[in-house]
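Novice: Here it is, the structure in full.
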Amino acid sequence: MSQVELVGINKRFGETTVIADVNLTIAPGEFCVFIGPSGCGKSTLLRIIAGLEAPSSGELRIDGVRVNEMEPAKRDIAMVFQSYALYPHMTVFENMAFGLRHLHLPKGEIDQRIEVAAQALNLATMLQRKPIALSGGQRQRVAIGRAIVRKPKVFLFDEPLSNLDAALRVKTRVEIAKLHRSLDGVSMVYVTHDQVEAMTLADKIVLLRPLAGNPDLPSVAQVGHPLELYHHPANRFVAAFIGSPSMNFIEGAISEVTAHDVTVNVAGQTLAAAVEGQGLQVGAKATLGIRPEHVLVGKAGLTGTVAHMEHLGEHAYVHLDTALSPQPLIAKTQLDALKLGERVQFSLPATAMHLFDANGQAMRRQQQEPLAA
Amino acid sequence: MSTAREPVSVIGKQRRRQAWWLVLPTLLVLAATAGWPLARTIWFSLTDAQLQDLSARQFVGLANYIGEGGILRDGEWWHAVGNTLLFSVSTVFLETLIGLGVALLLNTPSRVQGLLRAAVLVPWAIPTVVSAKMWSWMLHDQFGIINAILVGLHLVDRGLAFTADPHLAFPTIIMVDVWKTTPFMALLILAALQMVPGDCYEAARVDGVPRWRVFRYITLPLIMPGILVAMIFRSLDALRVFDVIYVMTSNSHVTKSMSVYVREQLIDFQQVGYGSAAATLLFFIIALCTTLYMGLTRPRLDADR
Ligand SMILES: Nc1ncnc2c1ncn2[C@@H]1O[C@H](COP(=O)(O)OP(=O)(O)O)[C@@H](O)[C@H]1O
Ligand SMILES: [Mg+2]
Numbered sequence: 007m008s009q010v011e012l013v014g015i016n017k018r019f020g021e022t023t024v025i026a027d028v029n030l031t032i033a034p035g036e037f038c039v040f041i042g043p044s045g046c047g048k049s050t051l052l053r054i055i056a057g058l059e060a061p062s063s064g065e066l067r068i069d070g071v072r073v074n075e076m077e078p079a080k081r082d083i084a085m086v087f088q089s090y091a092l093y094p095h096m097t098v099f100e101n102m103a104f105g106l107r108h109l110h111l112p113k114g115e116i117d118q119r120i121e122v123a124a125q126a127l128n129l130a131t132m133l134q135r136k137p138i139a140l141s142g143g144q145r146q147r148v149a150i151g152r153a154i155v156r157k158p159k160v161f162l163f164d165e166p167l168s169n170l171d172a173a174l175r176v177k178t179r180v181e182i183a184k185l186h187r188s189l190d191g192v193s194m195v196y197v198t199h200d201q202v203e204a205m206t207l208a209d210k211i212v213l214l215r216p217l218a219g220n221p222d223l224p225s226v227a228q229v230g231h232p233l234e235l236y237h238h239p240a241n242r243f244v245a246a247f248i249g250s251p252s253m254n255f256i257e258g259a260i261s262e263v264t265a266h267d268v269t270v271n272v273a274g275q276t277l278a279a280a281v282e283g284q285g286l287q288v289g290a291k292a293t294l295g296i297r298p299e300h301v302l303v304g305k306a307g308l309t310g311t312v313a314h315m316e317h318l319g320e321h322a323y324v325h326l327d328t329a330l331s332p333q334p335l336i337a338k339t340q341l342d343a344l345k346l347g348e349r350v351q352f353s354l355p356a357t358a359m360h361l362f363d364a365n366g367q368a369m370r371r372q373q374q375e376p377l378a379a
Numbered sequence: 318m319s320t321a322r323e324p325v326s327v328i329g330k331q332r333r334r335q336a337w338w339l340v341l342p343t344l345l346v347l348a349a350t351a352g353w354p355l356a357r358t359i360w361f362s363l364t365d366a367q368l369q370d371l372s373a374r375q376f377v378g379l380a381n382y383i384g385e386g387g388i389l390r391d392g393e394w395w396h397a398v399g400n401t402l403l404f405s406v407s408t409v410f411l412e413t414l415i416g417l418g419v420a421l422l423l424n425t426p427s428r429v430q431g432l433l434r435a436a437v438l439v440p441w442a443i444p445t446v447v448s449a450k451m452w453s454w455m456l457h458d459q460f461g462i463i464n465a466i467l468v469g470l471h472l473v474d475r476g477l478a479f480t481a482d483p484h485l486a487f488p489t490i491i492m493v494d495v496w497k498t499t500p501f502m503a504l505l506i507l508a509a510l511q512m513v514p515g516d517c518y519e520a521a522r523v524d525g526v527p528r529w530r531v532f533r534y535i536t537l538p539l540i541m542p543g544i545l546v547a548m549i550f551r552s553l554d555a556l557r558v559f560d561v562i563y564v565m566t567s568n569s570h571v572t573k574s575m576s577v578y579v580r581e582q583l584i585d586f587q588q589v590g591y592g593s594a595a596a597t598l599l600f601f602i603i604a605l606c607t608t609l610y611m612g613l614t615r616p617r618l619d620a621d622r
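Line order of the protein sequences matches chains A and B.
Mapped onto the numbering used here, the consecutive letters of the first sequence carry residue numbers 7 to 379.
Mapped onto the numbering used here, the consecutive letters of the second sequence carry residue numbers 318 to 622.
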């Protein structure tokens, strides 16, 4: 049981700020996922927690104790590297044993721990092999095994699945979730750029954004339960990043603010969003957002022309050219028979609409989506 | 690898043929520049040729080797063999140790790293004849700077005759060779060090493995193949040692190496036949040492590659 706290963490490499003002608490036993586009500093933040990088400012606490100056080894963490970082000249067994040998454990303890881990990870038959004789998935499991045998309080994973093929990724994802459940009270911090991994594994998602030379922006775009980020994105960056295909955005100007909705004028039409409108000025610029799965294709209201179809079997995505926005509106539909060039009716239900002010901040939605337990 | 016994496919045959074509030019050049002189030397070694008139020679069989006055019965030759082996073992050993230390220092990131790497190479870049002469002057018993310093510090009463004193000549030669060749070792080992994946060190650091264990169980095994190859190169060089010894202690019996012995026979005594026999023996001794060394270190060179 260990609580990890990051307080006002900043990290600069030379002149470039990579991490700005991260405040975060990772509760004991929590599965926390860092996600964000490539280069936004996920690995750097993880390495700061590990102690492989020092923060430029701010404090890192484990169980309430400042650990900024503490050697990685003393932090009771184990890290699984993106590249696996296996020792090429050692067998699987030695790879797992090497991090324990200097601890002077009681006799037989090392063998016993490795046996348990090897059983759990299906590695028992390949303990005497060297990494070069293993497949990517097996190496991956050795890397996880090497972390498990140390019995740490916090596991750090840096994109552990990124080098695996799609099928193996799904399988290993499930195994990691099971591993987390079986290790009672052990926290995991998991870095990925894959939102499916983030959505399926996380108790808590930390969405990081690239600073792009703007160090006043805090690195964390939003922290919360996966469904909270999905249903109630705090800003446009989060809304665009979470969900695939991405949310549709429609630029417009506020035409009316009432107690239960905000009406936006878009290309001569008015669209309503069921959001709280405090602070919005009539006439101000705003952006509406709606996810492809919430667009109701076939329902009367608005019209568009089919520009492209993507058939995925169980459903399809239709790209509609509309007067609302220059880029096509993407909608999920069961109507497989739509033809290119066909005119289609659709509607954008107000309760599913998101609204972002001129600064990209989301307005609070009236409808609170239930979060899965 | 277990590919050796697999049936050779058409593609395999083609590849093999292509490989032969690719190495053919090298083989031809080697045959012309190394094979021919070697064959000629071996042929001369079976005659009584003299330097003045190479054509007036007679075939004498193995007389130059095992005859009455043959090399194998010459104590001076065996003395030279002993000297050469002692020189090779001690210089290669010292150069490897010091080279490893220097490489480890150069491998730690620092602002002057690039400069240091270049600076370290200077001794290696100086021709041996020049550096040997330079050291001869620095070590001169009356005017040399080293002796001036030693006397100045009252470590010795009188200048030491580094190159003339029979007790000092050999260590001096070794010292100069180590000074000159350690950079080469260091650079080869540095290249091996930089091949060690950095994340292995980070993994060990997160696991709290003590530094010396990291060095002993990660660094050393991973750079060993590199070190062994570097040692082969150096051993081949050291077994042929000539210039340092010839320049610094030209006629000294104490430091005479096999190559110096060969030169003496060929040039000073004009005995081309006898000298060629010595050169041939030198060749076989080097070949033998190399084969033994490769045989012994083979498993380590192949490991994990
Ligand atoms: N040691 C370093 N020196 C300088 N810049 C670095 C260093 N490590 C990372 N960076 C920079 O910091 C940014 C974030 O890197 P990283 O944390 O690896 O991103 P991510 O893991 O999210 O892809 C990148 O722009 C990268 O170039
Ligand atoms: Mg990364």
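Ideal Cβ positions, reconstructed from N, Cα and C, are used throughout, including at glycine.
Every value quoted in this text rests on a predicted model; they were computed, and no experiment measured them.
Using 8 Å as the threshold, is the C-beta distance between Val6/A and Leu277/A below it?
Specialist: A question about residue 6/A goes unanswered here, because the residues of chain A that appear run from 7 up to 379.
Novice: Can you tell me which of Tyr578/B, Ile490/B, Leu537/B, Gly387/B puts its alpha carbon nearest to the alpha carbon of Tyr93/A?
Specialist: Considering only Tyr578/B, Ile490/B, Leu537/B, Gly387/B, the residue with the shortest C-alpha distance to Tyr93/A is Leu537/B.
Novice: Would the segment 387–394 of chain B count as touching the segment 474–493 of chain B if we require 3 or more Cβ pairs under 8 Å?
Specialist: The segment 387–394 of chain B and the segment 474–493 of chain B do not touch, with fewer than 3 CB-CB distances between them shorter than 8 Å.
Novice: Are the CB atoms of Gly35/A and Gly191/A nearer to each other than 8 Å?
Specialist: yes
Novice: With 16 other CB atoms within 10 Å as the buried threshold, where does Gln125/A fall?
Specialist: exposed
Novice: Does chain A have any CB closer than 8 Å to the CB of Gly672/B?
Specialist: Lying before the first or after the last residue shown, residue 672/B is absent from chain B, which here runs from 318 to 622.
Novice: According to DSSP, Glu234/A sits in a beta bridge with which residue or residues?
Specialist: Looking at the DSSP output, Glu234/A sits in no beta bridge, so it has no partner there.
Novice: Cα separation between Thr23/A and Gly283/A?
Specialist: Their Cα atoms are separated by approximately 35 Å.
Novice: Considering Cα atoms alone, identify which of Leu330/A, Tyr196/A, Leu129/A, Glu165/A is closest to Thr311/A.
Specialist: That would be Leu330/A, whose Cα lies nearest to the Cα of Thr311/A.
Novice: Closer than 7 Å: is that where the CB of Asp164/A sits relative to any heavy atom of ligand 2?
Specialist: yes
Novice: Quick one: grab the DSSP three-state call for Leu335/A.
Specialist: Looking at Leu335/A - three-state DSSP - the assignment turns out to be strand.
Novice: Mind checking if Arg179/A is an interface residue toward chain B, Cβ cutoff 8 Å exclusive?
Specialist: no
Novice: Would you tell me roughly how many angstroms separate the C-alpha atoms of Arg179/A and Leu167/A, rounded to the nearest one?
Specialist: 8 Å
Novice: Under 8 Å, with one C-beta from each stretch per pair, do the segment 198–208 of chain A and the segment 231–238 of chain A reach the 3-pair mark?
Specialist: With a cut-off of 8 Å, the segment 231–238 of chain A and the segment 198–208 of chain A count as touching, because enough Cβ pairs lie within range.
Novice: Is the number of C-beta pairs between the segment 517–533 of chain B and the segment 460–473 of chain B that are closer than 8 Å three or more?
Specialist: no
Novice: Tell me which residues share the same chain as Cys606/B and place their Cβ nearer than 7 Å to its Cβ, disregarding the 5 neighbours each side in the sequence.
Specialist: Ser552, Leu556
Novice: Is it buried or exposed for Leu371/B, if we count other Cβ within 10 angstroms and need 16 for buried?
Specialist: Looking at its Cβ environment, which holds fewer than 16 other Cβ atoms inside 10 Å, Leu371/B is exposed.
Novice: Among residues of its own chain, excluding the 5 on either side of Trp441/B, which ones have a beta-carbon nearer than 6 Å to its beta-carbon?
Specialist: Pro500, Phe501
Novice: Taking Cβ positions only, does Arg522/B come closer than 8 Å to chain A?
Specialist: yes
Novice: Got a sec: is the Cβ-Cβ distance from Ala368/A to anything in chain B below 8 Å?
Specialist: no
Novice: Please list the partners that Arg72/A has in chain B, where partner means a Cβ-to-Cβ separation under 8 Å.
Specialist: Chain B residues near Arg72/A: none, gap ~19 Å exceeds 8 Å.
Novice: Would you report the Cα separation of Glu412/B and Thr445/B, rounded to the nearest angstrom?
Specialist: About 16 Å.
Novice: When the Cα atoms are used, what is the spatial distance from Arg242/A to Gly307/A?
Specialist: 26 Å
Novice: Using the beta-carbon of each residue, find all residues closer than 5 Å to any heavy atom of ligand 1 and list them in chain order.
Specialist: Any residue whose Cβ sits closer than 5 Å to a heavy atom of ligand 1 makes the list: Phe19/A, Val24/A, Ser44/A, Gly45/A, Cys46/A, Gly47/A, Lys48/A, Ser49/A, Thr50/A.
Novice: So what does DSSP say about Leu223/A, is it helix, strand or coil?
Specialist: coil
Novice: Have a look at Leu456/B and Asp554/B and give me their C-alpha separation to the nearest angstrom.
Specialist: 24 Å
Novice: Looking at the structure shown, is Asp27/A part of a helix, part of a strand, or coil, going by DSSP?
Specialist: strand
Novice: With DSSP run on the structure shown, which of helix, strand or coil describes His199/A?
Specialist: coil
Novice: Answer with yes or no whether the minimum CB distance from Cys517/B to chain A is below 8 Å.
Specialist: yes
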